[in-house]
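Structure, as structure tokens:
In the UniProt record's numbering, the protein residues as written are 1 to 1205.
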């Protein structure tokens, strides 16, 4: 009964908790207020207490109702026994048992009223202790129900056991009784096998029933005399849980003594009643030793039944008055019945019902505990909120305290908001959470506090700043400065009045930037710590509370808009939309590398680039997203375009109409689209080939119709460049037809013919040059530039190069081709190179990098592959025929080297003579197509010299020698004519100049010109200069001998150009006197030109190539000229050139001739010593020649190194 009471109370408790849960959850529409919920909870609790005391009455009423229903259906059940058996799955025996128990004990108690005992054993033995049980199947008494379980030695009847499981599914039986005989204890093999088999069947039976009930051994003993009149006693012993073998023997030994005492008493009454004495004797003498080895098997069996007791009985006679299915409860059966209430069986396997019950009870307890915790937590939350509301709305507190309290209030609301979005903590959710209701209640109180502390000061600040902006004079710098932030302030002001327009992050940032200063009574530290957070929280929640909107000053808004329209305009909104579109598109389309542009084709052999095309600027992006995004922006944001500066009630300007917006967005997109592809394609660089075979491989791949990366690239460019293309408009087609009808005058002539059928696209201005080349078709007689023609010509060039590489003498063939070009004739290679250059030029300046790298560089590289060996061959020819003989003839000779050995003028003429000289003949015959002569200057041909780099030193040396040869060998033999005129000098009475037999003497008389020729008299070559002063006699300045004596003497002079034909020549004497002469030349610079030969070196190479050999080592031979450091002279003025009489100059005294000769010797020795060069002299030497009429001092130069020969 105790179990029934506990189960009933738990059942009522679960029902009550479920009802209370739904009451507080608000599931009942008629119970919504808190008072109603509390009253309903009290009613449920009272009802629970009342019903917990009437479980028996309720059970009796339900039982009667079930019995009534059962009696009404009993007849129909009897008629359909077979059908019910099939449906329920029970045999007639169990159906009769079920019916009998329900009739006798009711609907709910029939399973628990009796102790269900499963009897097993041999049928003969069972019939002696429970007559009729094996045939009837079950028998009952007032307290027990015996169920026949079958023999312990025969296989189990699984159907029978399963039907028993259905009748009492949780605990099928309360005890298991095994009827045994005394001979079962015999220690024989047969009995051992008998015991093992019985134990195995018991284990199998437990598995089928999923229940192991306590086991009782009922030992049946035979007697010689009838024991009917003997008083039946309880004979046997009960075992404790988990008994030890010694404990069992002790209990049986105690039983022997008790049985002996009682047996003696019974024998004394009736000598036939010797059952107990006989039992004691058998146990002591025979059975206890046997049981010592037999009983432990039951104790040690794993998963078996608990051995609960061993009882002894004799044959039981069945009275005739006993009803069917009833048995006589002997003391032995009574012992089993009573002890089975104490002994508990155990489940076999997983007991789902027990686990479920424990789980449910645990959940009920947890839910109850959770409700308590939830109530405490929510109650504390409500109390905390009440305190915050009182504190934050206290108007008597200082501003600092109100801000601090509002910060705490804000944190409380933020916590409630987070919980409303992500859920409350688990300990507050047990049906009692008030998070959302509390949040709804707190918002009005927060608005009251925020209005005083944050909102109103912010609105006043924005109003003042906008008023200041409007009141500023027009076009004033102050207004322009305020207008920069005025747009954001106006936008924030309008957002405060229109919460549906609020952009929380933007509004928060604007308000924070405009309210950096703390209120008057608040410190900066407090304001910086709480102010920005309160402002941002207000901005974030404004859009969810339209009732917080302010009433704006319409006049102020209108004036501010008018002011800002002049400074901001509409571009901001358009830019924002455009950037938003690009940002969204960029998230879905990745950048395209060159490999992706070529659809996975490897182009590294031909060209490469590290740049990428932004994914947003591709045709897929336009078709898939950009166009739709533009249409969406035009459709959805028509009223939103710069709503700050426009009033929705007024008609919008035409420049912000949807059509204009779409046009502007599209134009901006395609402008950036074109720029992205321009940047990508112009960044492509051609891969340099290292050899002729590499060039051939590149050209082969370039012109391959199936595998050419160039074709793939141009196809991709055509596909991308045709983005958003549409057919030509009807009006344009009609105009074109009219032009064709009314004659050629109406026709438009294009510089580059265009395909009239080409669709019109927004990027035609950028991609049209490329599309024309790709789409152009090759027609006979057509001048259209096309990719197909270019690749065909590239194939010809490749075949020509292959022919060169497979020739017996490739070098000779390349030289022949190069020579053909140098002679000004065209070949396939140059024609194709020119065609590629024409294609690149036709693309325009925008595509210069792309056109040069992909159409010019391949052929230029091929041309270089041909020219490289040819140029080296020409360099070798130049060295062998010109440079090396020149070095052999003139190395170590003056004027190329400052030595005493002079260059032979006839030998120099062999190289320099015009028309017949070795140098001019070589250039004219070998380089006629690349160089042509303009006067005395050789000029490179700009067309035929493409691909080759002429050595600048070669051109400079060639022109220098050409000018010299035109002047020195004008008549065939070496010679030049010039004029000299001596000039007076202070302190000098006479000067005398001897030049190759000709004499120019001057002793302060009238100046006059004297014509001289160099070289002059071949018998007395050389030059001599002497002078005399007032104090000394005639002194020698210098007398260099040989054909180049004049040049040697001229080298020591300081030369200044006076005009295009005259030079002032001054020799500085040892005593500081100036020996002045005027030189007048007939062509070029006359003798001065010869000074340029000092240190002259003839270049060894005509062309500069990647493998240009190192210049010959000329150390010790001809070296660069170093200017000589001249002694400083006192400042003086040049004597003007005049024809006046100079006889008035007082003659100076002459010194001795010996002293003059010694000084001249020292000067000559000093000239042969190495000296350093001053920067001023170097700059003077390297400076270009002045214009005609401009004076310039020529610094004297001198070669001072040793002769290597």
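Just so you know, even glycine gets a beta-carbon here, dropped at the ideal spot from N, CA and C.
Apart from the 5 residues on each side of it in sequence, residue 774 sits with its Cβ closer than 6 Å to the Cβ of 714, 718, 787 in its chain, given in chain order. DSSP places residue 959 inside the alpha helix (DSSP H), whose first and last residues are 952-968. Of all alpha-carbon atoms in 877, 549, 41, the one lying nearest the alpha-carbon of residue 22 is that of 41. In this structure, the CA atom of residue 293 is about 35 Å from the CA atom of residue 159. Taking residue 125 as the centre and dropping the five residues before and after it, the same chain places the C-beta of 179, 180, 181, 220 closer than 8 Å to its C-beta, in chain order. Listed in chain order, the beta strand (DSSP E) runs fully inside the segment 232-310 are 235-238, counting runs of at least 3 residues. By alpha-carbon distance to residue 630, the top candidate from 598, 606, 663, 499 is 663. Between residue 1075 and residue 1066, the gap from beta carbon to beta carbon is short of 8 Å. Excluding five sequence positions before and after residue 197, the CB atoms of its chain that fall closer than 8 Å to its own CB belong to 152, 153, given in chain order. Of 999, 6, 274, 535, the smallest CA-CA separation from residue 260 is found for 274.
A Cβ-Cβ distance of about 14 Å is found for the pair residue 983 and residue 1055, leaving them out of contact under the 8 Å criterion.
Take the alpha-carbon of residue 909 and the one of residue 985: they are about 39 Å apart.
In terms of CA proximity to residue 443, 546 leads the group 118, 546, 1028. When 318, 316, 369, 1064 are compared, the shortest CA-CA separation from residue 1086 is found for 1064. In the three-state reduction of the DSSP assignment, residue 935 falls in the coil class.
Taking a C-beta distance under 8 Å as the contact criterion, residue 457 and residue 494 do not qualify as a contact pair. Assigned with DSSP and collapsed to three states, residue 978 falls in strand. Pairing residue 272 with residue 211 gives a Cβ-Cβ distance that is not under 8 Å. Assigned with DSSP and collapsed to three states, residue 863 falls in helix.
Nearest to residue 137 by alpha-carbon distance, out of 406, 634, 128, 119, is 119. When the five nearest sequence neighbours on each side are left out, the beta carbons in the same chain lying within less than 8 Å of the beta carbon of residue 389 are those of 409, 442, 445, in order along the chain.
Taking the C-beta atoms as reference points, residue 496 is found nearer than 8 Å to residue 550. Just so you know, the alpha carbons of residue 489 and residue 584 end up roughly 28 Å apart. Around the C-beta of residue 855, 16 or more other C-beta atoms lie within 10 Å, and the residue is accordingly described as buried. Residue 862 has its alpha-carbon roughly 18 Å from the corresponding atom of residue 604. The C-beta distance from residue 836 to residue 769 rounds to 14 Å, too long to meet the 8 Å contact threshold. In the displayed model, residue 1074 falls within a strand according to three-state DSSP. Taking C-alpha positions only, residue 466 is separated from residue 720 by approximately 49 Å. Taking every protein chain shown into account, the CB of residue 46 has fewer than 16 other CB atoms within 10 angstroms, so this residue is exposed.
Going by beta carbons, residue 248 and residue 218 fall outside the 8 Å limit. By the neighbour-count criterion, in which 16 or more other beta carbons inside 10 Å mark a residue as buried, residue 1045 falls on the buried side. Comparing alpha-carbon positions, the option among 643, 987, 1000, 241 lying closest to residue 1073 turns out to be 987.
Restricting attention to 1000, 978, 425, the CA atom closest to the CA of residue 1080 is found in 978. Residue 455 holds the alpha-carbon nearest to the alpha-carbon of residue 539 among 333, 455, 391. Put simply, the segment 921-930 does not touch the segment 884-901. Fewer than three CB pairs are less than 8 Å apart. In the three-state reduction of the DSSP assignment, residue 1059 falls in the coil class.
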